[in-house]
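Residue numbers (our numbering), protein chains in the order written: chain X, 5 to 350; chain V, 5 to 350.
Ideal Cβ positions, reconstructed from N, Cα and C, are used throughout, including at glycine.
Below: the structure, in structure tokens.
Protein chains: 2
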Amino acid sequence: MNLRELSELLGLSQTTVSRALNGYPEVSEHTRRRVSDAARKHNYRPNTKAKALATGRTMSIGHVIPVSTKHELVNPVFADFIAGAGEVYAKSGYDMVLSVVSDADEERSYRDMHAKGNVDGVIVHGPKRNDYRIPLLTKLGLPFVVHGRSDGVEHPYSWLDVNNRRSFARATRFLTDLGHRRIALLNGLEDMDFAIRRRAGYESALADAGIAVDPALMRSDEMTENYGFRSACALFRLPDPPTAFLTSSLLIAMGVRRAAEDHDMKLGRDISVVTHDDELSYFGNEGDVPIFTATRSSVREAGRLVAQMLIARIASADGGTEEHLLDAGLIVGQSTGPARPFPRQG
Amino acid sequence: MNLRELSELLGLSQTTVSRALNGYPEVSEHTRRRVSDAARKHNYRPNTKAKALATGRTMSIGHVIPVSTKHELVNPVFADFIAGAGEVYAKSGYDMVLSVVSDADEERSYRDMHAKGNVDGVIVHGPKRNDYRIPLLTKLGLPFVVHGRSDGVEHPYSWLDVNNRRSFARATRFLTDLGHRRIALLNGLEDMDFAIRRRAGYESALADAGIAVDPALMRSDEMTENYGFRSACALFRLPDPPTAFLTSSLLIAMGVRRAAEDHDMKLGRDISVVTHDDELSYFGNEGDVPIFTATRSSVREAGRLVAQMLIARIASADGGTEEHLLDAGLIVGQSTGPARPFPRQG
DNA sequence: TGCGTTAGTCAAAGCGCTTTGGATCGCTTG
DNA sequence: CAAGCGATCCAAAGCGCTTTGACTAACGCA
């Protein structure tokens, strides 16, 4: 059922039917009702491609999700981010188109999206420091919003981020207040903007507490459970091991927990862990007293907000940028306690 | 830069340029080269919408990912499945369009996709027993492939599944061989097809070992870490608690591990766990002797295969269906050992 | 009565591509 | 020499929608 058929069926012109359906005022209430009844009855939906071609708007938004070539890894927060964004898209009539792309092909992927014209805008995921995508997209004139920020980019752009620096400073401060002085930082890849900010927060809080930064306690890599496990095991073997860990994701924290338990240490008693928690739906670090003490910020909510920002930006192409800084709360759970000397084995 | 501009630039007709670019034979090698050089130079990409409208093919594939209204939960295996599928799409020039949809709106979502004509085919995720989507899509004539199967659907359709029944039978047998007789099953939601098959495998292996099925040891819910934790805690309180667990996802298994450790029990020594492992990239239940003994099958590889099947199906619309049953291997890890009496507290 | 105004409708152009159905040219063939 | 043919190329139609510009009928007003 297409517009022509529907209009013939009604004995009206395509113009009138189209206008009736799209809420234009130049059509009588009586006809409008007649048209929309018929449309509903025959389950008419305007053909997306034709509509897109005619209006120049595709009503779809691109997400380029990079797959690390090194580990073939997809960041698990995407699932929840996309759930949030998808919710908003569904309400606003947008489609979400995903390109899963090895990070080597990422730039071409953005260029193609623009040239092929199959999206009205894109969301930029996982910005690095001085991320090349921001000037690129600005130059192309493709509307975008960044989830995160990029230190080093001077010109204005729209972004939404959590206050990584502040929240990691708070978390560190929380640990030093508990008496910890050997605090390990298990961060994400060090070229990621968020990782840089988190480290800065950590270092500044250490400085405030008069503790020297020890590079031996700082690690960064892709945020897997195994990375947490291996790192913790290695750190336990140090002559002067840490009594607390600050980790950039729940997965890492779970790895630390596994390592601790393998060493017969209990979280919150023998060793403390604070993690960032994106509130992933299937993890559920919830409850009155959650498992992990955490800096918490819902990535799903971020998805919702970023999607709204982008839609607004597409609608009014006046180029005004918008910046949102979310505050991550510090939630105290079972994984932290006063510093204790490291329990030496044997 | 569009086709008209490019053809004017070259002093050729749009027809010729289009044919040159699409590899039709009616154009001389000399012109073809001239055209493709110019296209490359000006970074010309045919406009997707126009091409789609003209050809009737959108070159994109839909994935409807349902968000459980109950828990607002997105299955974390999607991220990896989509990574696999996306890889294939990228190679074949397809786009992936995602609809994140609360399961109440799911049916409408499929109907809309078909009526709006913005996808050439869809992939059906998470089939339940006798899933209504299969007859629906068949009726609509929208090409599809199911990831999983649906017991109760009679007419033929294309699917790819792992041998859930067999692999869970093997896993159960593995545990009974180790002397376990009280084996708990922590399954996914019981209306899911895979959950039904896994339970069937579990029950048949118990029967083979002459063990009566105890409903008190069987649970099913959405597969979160918390569900694993809470279930294990509850089961530990039984008068006759299980000595082993069979779980449907690594997340559940991690919950069980946490519960065990809270009860001062060690996996593989005091209690055994076998889990299904989708080889999610960020979990990495790897190594020579992985953490968990597991029935293992890569969901990313499944994504690749399903995508290929669908593309083939779209290309040759002759309606022949294809069925693939993958075998999940049983990998022995550190989480299993001979049965021991449950360590009573106090 | 004549004319401007307004509400309601329509025909046709255009979005950027593919594809059908010629057209042209240079050569070979009977 | 006329006809036929392959190799190239082109004009124009069509995909299904929106939107511009025009048209018609009805109405109010001087």
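Start-to-end residues for the beta strand (DSSP E) that takes in residue i
i: V:H280; result: 276–281
i: X:R300; result: 297–300
i: X:P70; result: 64–71
i: V:M227; result: V:M227 -> no beta strand (DSSP E), and no H or E assigned at all.
i: V:H328; result: 327–330
i: X:A188; result: 187–191
Residue i versus residue j: straight-line alpha-carbon distance, rounded
i: X:R212; j: X:I127; result: Sequence inspection shows Asp at residue 212 of chain X; the Arg mentioned does not correspond to that position. Whole-angstrom Cα-Cα distance: 37 Å.
i: V:G333; j: X:L330; result: 45 Å
i: V:T228; j: V:L284; result: 14 Å
i: V:R201; j: V:P147; result: 26 Å
i: V:P131; j: V:L13; result: 53 Å
i: X:D274; j: X:A220; result: 21 Å
i: V:S17; j: V:E33; result: 16 Å
i: V:R177; j: X:G259; result: 30 Å
i: V:V105; j: X:S64; result: 16 Å
i: V:S96; j: X:R49; result: 28 Å
i: V:P246; j: V:T279; result: 15 Å
i: X:H3; j: X:P342; result: In the structure as shown, chain X starts at 5 and stops at 350, and residue 3 of chain X therefore has no counterpart that could be examined.
i: X:P70; j: V:D41; result: 30 Å
i: V:Q349; j: X:E290; result: The predicted model places V:Q349 with a pLDDT of 47, which falls under 50 and marks its position as unreliable; any figure quoted below should be read in that light. Cα-Cα distance, rounded: 27 Å.
i: V:L255; j: X:Q312; result: 32 Å
i: V:R38; j: X:K120; result: 21 Å
i: X:D282; j: X:D322; result: 33 Å
i: V:H159; j: V:F172; result: 27 Å
i: V:S339; j: V:P294; result: 8 Å
i: X:F85; j: X:Y136; result: 22 Å
i: X:S208; j: X:D218; result: 13 Å
i: X:T35; j: X:A24; result: 7 Å
i: V:R344; j: X:G288; result: 31 Å
Within chain X, the residues that residue i reaches when beta carbons sit closer than 9 Å
i: V:S103; result: G90, Y93, A94, D99, M100
8 Å contact criterion, which residue i and residue j should meet: CB distance rounded
i: V:S224; j: V:G192; result: 6 Å
i: V:A83; j: X:V78; result: 5 Å
i: X:A425; j: X:G337; result: Here chain X comprises residues numbered 5 to 350, so residue 425 of chain X is not present and cannot be evaluated.
i: V:R308; j: V:A89; result: 7 Å
i: V:S72; j: V:E226; result: 6 Å
Neighbouring residues, chain X, relative to residue i (Cβ below 7 Å)
i: V:F249; result: None at all; the shortest Cβ gap to chain X is about 17 Å.
i: V:M258; result: M258
7 Å Cβ cut-off: residues of chain V touching residue i
i: X:G121; result: N51, T52, K53
i: X:A263; result: The contacting residues do not exist; X:A263 stays about 11 Å from chain V at best.
i: X:P80; result: P80, A83, Y286
i: X:E76; result: S285
i: X:A56; result: K53
i: X:T19; result: None at all; the shortest Cβ gap to chain V is about 19 Å.
i: X:L255; result: Y286
Selection from the options that minimises the alpha carbon distance to residue i
i: V:F198; options: V:T251, V:T247, V:G232, V:C237; result: V:T251
i: X:G60; options: V:D195, V:T52, V:T59, V:S208; result: V:T52
i: X:D292; options: X:E326, X:L57, X:I335; result: X:I335
i: X:S302; options: X:L10, X:M100, X:H151, X:Y93; result: X:H151
i: X:M5; options: V:G307, V:I318, V:H118, V:G341; result: V:H118
i: V:R216; options: V:R169, V:G125, V:V277, V:T180; result: Note on residue identity: the sequence assigns Ala, not Arg, to residue 216 of chain V. When only C-alpha atoms are compared, the closest one is V:T180.
i: X:R170; options: X:G205, X:P139, X:W163, X:A306; result: X:G205
i: V:L210; options: V:R174, V:L242, V:C237, V:A238; result: V:R174
i: X:C237; options: X:E265, X:D218, X:S253; result: X:E265
i: V:A257; options: V:R234, V:S162, V:D218; result: V:R234
i: V:L436; options: V:H129, V:L144, V:Y136; result: This structure does not reach residue 436 of chain V, given that chain V is present from 5 up to 350, and the question cannot be answered.
i: X:S320; options: X:G125, X:E194, X:V81, X:T19; result: X:G125
i: X:G66; options: X:A56, X:R300, X:S113; result: X:S113
i: V:G145; options: V:V157, V:M196, V:V123; result: V:V123
i: V:V277; options: V:L182, V:E305, V:R304; result: V:L182
Neighbour list for residue i in chain V, Cβ cutoff strictly below 9 Å
i: X:V71; result: A87, G90, E91, S285
i: X:D116; result: R49
Alpha helix (DSSP H) segment containing residue i, residue limits
i: X:M258; result: 254–266
i: X:A343; result: Unbroken run through X:A343: none, as it is neither H nor E.
i: X:G90; result: 81–96
i: X:T35; result: 33–45
i: V:T251; result: Where V:T251 is concerned, there is no enclosing alpha helix (DSSP H), although the beta strand (DSSP E) it sits in stretches over 248–251.
i: X:S154; result: X:S154 -> no alpha helix (DSSP H), and no H or E assigned at all.
i: V:G205; result: 197–212
Cross-chain neighbours of residue i in chain X, by beta carbon under 8 Å
i: V:E229; result: Y286, F287, G288
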